[in-house]
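Undergrad: The structure's right below; bear with me while I get my questions together.
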Amino acid sequence: MVWAHSEEQHPERLARIARSPFPGTAPVRYNETFPRAPNPRCCDSQPLMAFDSLEPTDPQSTTGERRGSGLRYAMDLLVSLAIAVIMFRAFQVEGYIISTGSMAPCLLGYHKRVRCPSCEYDFPFGVAFDDSDAAEASGDGPVGDLHGQTSVAGEQLAMCPNCGRRGINVSDVPQTEGDQLLVQKHTYSLRSPRRWEIVVFRSPNRPSQPYVKRIVGLPGESIQILRGNVVINGRVARKTLAQQRSLRIPVYDHSFKPLDEGWRDRWIPDGRWTREADGFRTEEAVGDENGDSWVSYEHWIRSGGEHETRVPLNRWPDEVEVPYRESIPFFYDAQTRELVGVGALPKELRDTLVANVSDDGFRFAIEELYRRSHIGPVADAYGYNRYAGIVPHNHVPDLMVALKVTATEPTGEFAVEMTSEGRRFVCQMDFTADVIRLQEVGSDVILRDAPLPESLKTATTLVEMSLFDAQVLVAIDGKTILEPWRIDGGLPDAPSSAESSPAGNRIRFGVHGANLRLSAIRLFRDVHYTRGRALHGVEEPFQLGEDEFFMLGDNSPVSFDSRSWREAVVRRNQLLGKPFIVHLPSRAGRIRIGGYEGHIRIPDFARIRYIR
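One point on numbering: in my numbering, the residue at position 157 of the sequence shown is 240, and numbering is uninterrupted.
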């Protein structure tokens with residue numbers, strides 16, 4: 084845009100324009116047809132488009148100039164953009180890529196994308212870990228690590244975290260890069276760090292190396308890892324719904340049920356429920372007086388485990404030689420007259436014993452031991468880690484159930500009941516009274532109540548209930564509907580080993596006089612923090628000083644963090660920033676050209692997400 088001025092006001096300027104002082108340029112002629120300013124006193128000039136006021140004498144020359152101007156404009160734009168990116172990166176954000184798996188499954192290091200051949204559940208399998216020689220992300224890890232092993236001949240074997248299938252050979256699965264983070268560099272210049280936030284910082288033992296962990300201990304606090312929980316100043320550190328969602332680890336997704344022979348469903352309905360592809364429905368008559376109708380969860384496992392199962396057996400049969408306890412996964416306790424199994428009794432062993440022993444009492448006990456032993460507690464296994472029974476898994480009592488509820492006839496009641504360490508809590512959603520209540524089973528006292536959200540009666544609604552951190556939390560459509568109820572006593576006294584009774588994880592949901600459809604049923608567990616090297620904050624409380632933070636990784640069995648560092652704390656001046664987004668993720672794509680087959684990097688938009 085140029086400004087064309089009034090001729091009466093600036094005759095000398097028009098003359099100068101007509102006689103261009105630049106050699107080799109065409110004269111510019113003023114267009115007499117232009118309207119002049121009607122009132123010079125109120126309008127000295129008016130804007131006009133450049134091409135309206137110019138008469139080119141050489142169209143070809145002008146066309147070339149326009150092309151040159153377009154190229155120059157594009158170059159200017161690219162340079163400006165580059166400068167803006169450099170300035171933005173220098174002062175606002177920084178990019179990092181994660182190499183190891185200490186924050187899995189929330190954040191992923193170098194890994195392989197695996198699909199279980201039994202249930203078709205997709206999960207990441209790590210190839211590099213903090214506390215291993217594989218941390219360089221070469222994928223050529225050692226034969227064993229803290230939580231598992233590879234098999235013979237260099238095969239890499241994975242275990243499905245959903246159905247528990249073992250021995251999935253992933254040796255030929257291509258490697259995928261870790262998550263790439265954008266980190267806000269000045270977040271902690273504006274406010275103080277908060278518990279459970281993910282943070283990037285300089286390692287206290289290797290200052291040149293940036294680490295990503297989660298903040299669990301704040302300045303001035305006393306911290307201890309006790310039975311899998313974080314204890315701050317003698318009390319369990321609790322999480323909000325958003326924090327629970329950030330840390331929760333999938334245990335079982337009912338939408339991915341295995342169809343192979345030998346699998347037994349984990350959700351067991353009574354006779355008044357009808358199974359559907361991804362859930363259940365009930366068509367009870369309104370006002371049905373036949374009592375409650377339940378669907379109960381039993382954590383059926385294929386194999387392995389360290390839990391103990393006992394069944395009555397009056398005597399050991401004379402025809403069977405008493406085996407050494409180390410040779411088979413069960414033994415006979417003559418003092419209590421019980422057959423005792425450790426882990427899940429293998430099917431082959433059961434079949435052999437039943438076929439070769441004529442004692443009916445023994446055969447019945449073996450069959451009962453097989454059935455019961457395959458129902459184990461939820462343990463802190465990770466599909467991300469290499470599997471093996473080298474390190475005993477820990478029993479995790481902190482669970483969350485999430486499901487979608489569709490009330491086809493909004494009458495009657497729907498309830499979710501959860502049990503942890505002997506305490507049973509039930510959340511009742513009364514469609515008739517329009518109220519939601521929380522009670523402890525066996526007590527008439529209402530712990531919490533609130534009006535029933537209208538969405539439960541009119542639309543498909545997400546219901547979540549958890550027993551994380553010795554508190555009961557209930558949420559509807561992502562909002563905490565009841566104030567969380569803190570369980571008296573804080574930490575349970577029960578042991579955290581997988582020898583705990585499977586009944587300690589009882590979960591069920593049911594209806595009374597209601598017509599519902601349930602779908603998208605998923606079970607999660609909390610992170611169970613292990614001992615690590617137990618150098619700090621495990622055997623006894625660890626006192627943090629001013630501006631000192633205690634860091635832990637979500638993948639606790641393999642995370643190298645404040646529990647195990649020589650220098651336990653991270654100081655405020657070592658914090659680099661807060662990650663806020665996973666960006667530019669990729670995955671391995673297969674390409675075939677003639678007889679050649681290879682892999683290339685392609686975008687993986689499903690992994691783009693905000694980090695809260």
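Glycine included, every Cβ here is placed at the ideal spot set by N, Cα and C.
When you compare each of 276, 554, 289 to residue 644 by their alpha carbons, which one comes out closest?
TA: When only C-alpha atoms are compared, the closest one is 289.
Undergrad: Give the straight-line distance between the Cα atoms of residue 540 and residue 676, rounded to the nearest whole angstrom.
TA: About 55 Å.
Undergrad: Would you grab the beta carbon distance between residue 440 and residue 403 for me? Rounded to a whole angstrom, and I think it's under 8 Å.
TA: Contact flag correct, Cβ pair sits at about 6 Å.
Undergrad: Would residue 516 be called buried (16 or more neighbouring beta carbons within 10 Å of its own) or exposed?
TA: It is exposed - the Cβ of residue 516 has fewer than 16 other Cβ atoms within 10 Å.
Undergrad: State buried or exposed for residue 686, treating a residue as buried only when at least 16 other CB atoms are found within 10 Å of its CB.
TA: It counts as exposed.
Undergrad: Nearest CA to the CA of residue 355: which residue from 361, 340, 348, 374?
TA: Comparing Cα-Cα distances from residue 355 to each of 361, 340, 348, 374, the minimum goes to 374.
Undergrad: Taking only runs that begin and end inside the stretch 240-307, name each unbroken beta strand (DSSP E) of 3 or more residues, in chain order.
TA: Complete beta strand (DSSP E) runs here, min 3: 263-267, 281-285, 293-300.
Undergrad: Indicate the three-state DSSP secondary structure (helix, strand or coil) for residue 487 in the structure shown.
TA: DSSP places residue 487 in strand when its eight states are reduced to three.
Undergrad: Between 320, 294, 257, which lies nearest to residue 277 when the distance is taken from Cα to Cα?
TA: The option with the nearest alpha carbon to residue 277 is 320.
Undergrad: Taking the beta carbon of residue 701 as the centre, do at least 16 other beta carbons fall within 10 Å, making it buried, or is it exposed?
TA: This structure does not reach residue 701, given that the chain is present from 84 up to 695, and the question cannot be answered.
Undergrad: Go ahead and pull the three-state DSSP assignment for residue 435.
TA: In this structure, residue 435 counts as helix in the three-state DSSP scheme.
Undergrad: Please report the straight-line C-alpha distance between residue 689 and residue 330, rounded to a whole angstrom.
TA: Roughly 19 Å between the two C-alpha positions.
Undergrad: Can you find the residues in the same chain that come closer than 8 Å, C-beta to C-beta, to residue 563, ignoring five residues on each side of it along the sequence?
TA: Taken in chain order, the residues that qualify are 323, 324, 556, 557.
Undergrad: Let me know the secondary structure DSSP gives residue 443 once reduced to three states.
TA: It is helical.
Undergrad: Starting from the Cα of residue 413, find the closest Cα among 398, 429, 245 and give me that residue.
TA: Checked all of 398, 429, 245; the closest Cα to residue 413 is 429.
Undergrad: Please report the residue range of the alpha helix (DSSP H) in which residue 327 lies.
TA: Its alpha helix (DSSP H) spans residues 324-330.
Undergrad: For residue 503, report the span of its beta strand (DSSP E) as first-last.
TA: Start and end: 496-503.
Undergrad: On the CB-based measure, 16 or more other CB atoms within 10 Å of its CB, does residue 637 come out buried or exposed?
TA: It is buried - the Cβ of residue 637 has at least 16 other Cβ atoms within 10 Å.
Undergrad: Between which two residues does the beta strand (DSSP E) harbouring residue 379 extend?
TA: Note, residue 379: beta strand (DSSP E), 376-380.
Undergrad: Give the DSSP-derived three-state secondary structure of residue 178 in the structure shown.
TA: Three-state DSSP puts residue 178 in a strand.
Undergrad: Please check the pair residue 245 and residue 336, which I expect to be a contact at CB under 8 Å, by giving their CB distance rounded to whole angstroms.
TA: Sure, about 6 Å apart at Cβ, within 8 Å.
Undergrad: Between residue 665 and residue 264, how many whole angstroms is the CB-CB distance? I'm expecting something under 8 Å.
TA: About 6 Å separates the two Cβ atoms, so the contact holds.
Undergrad: Are the CB atoms of residue 251 and residue 200 nearer to each other than 8 Å?
TA: Yes, the Cβ-Cβ distance between residue 251 and residue 200 is below 8 Å.
Undergrad: Hey, would you say residue 629 sits closer than 8 Å to residue 302, going by beta carbons?
TA: Result yes, Cβ atoms of residue 629 and residue 302 sit closer than 8 Å.
Undergrad: How long is the line joining the alpha carbons of residue 680 and residue 639, rounded to whole angstroms?
TA: Cα-Cα distance, rounded: 38 Å.
Undergrad: List the whole-angstrom C-beta distance separating residue 247 from residue 604, where the pair is believed to meet the contact cut-off of C-beta under 8 Å.
TA: Not quite, the Cβ-Cβ distance comes to about 17 Å (not below 8 Å), so this is no contact.
Undergrad: Compute the distance between the beta-carbons of residue 570 and residue 553, then report whether it is under 8 Å.
TA: Against a cut-off of 8 Å, the Cβ pair of residue 553 and residue 570 comes out as a contact.
Undergrad: Which partner residues of residue 363 appear in the DSSP bridge assignment?
TA: DSSP, once it has assigned bridges, lists 358, 601 as partnering residue 363.
Undergrad: For residue 198, which residues in the same chain have their Cβ closer than 6 Å to its Cβ, ignoring the five residues on either side in sequence?
TA: Closer than 6 Å at Cβ, skipping near neighbours: 205.
Undergrad: Hey, quick one: how far does the beta strand (DSSP E) through residue 708 stretch, first residue to last?
TA: Limits of the chain in this structure are 84 at one end and 695 at the other, which puts residue 708 out of reach.
Undergrad: Check this for me: beta carbons of residue 203 and residue 339, under 8 Å apart or not?
TA: A contact, by the Cβ cut-off of 8 Å.
Undergrad: What are the residues that DSSP puts in a beta bridge with residue 562?
TA: Partner(s): 559.
Undergrad: Let me confirm a value: residue 678 is counted as buried when at least 16 other C-beta atoms fall within 10 Å, else exposed. Which label applies?
TA: By the neighbour-count rule (16 or more Cβ atoms within 10 Å), residue 678 is not buried but exposed.
Undergrad: Are the beta-carbon atoms belonging to residue 400 and residue 348 less than 8 Å from one another?
TA: No; because the gap between Cβ atoms is not below 8 Å, this pair is not in contact.
Undergrad: Can you tell me whether DSSP reads residue 386 as helix, strand or coil?
TA: Three-state result, residue 386: coil.
Undergrad: For a test of the three-state rule: what should DSSP assign to residue 212, helix, strand or coil?
TA: DSSP places residue 212 in coil when its eight states are reduced to three.
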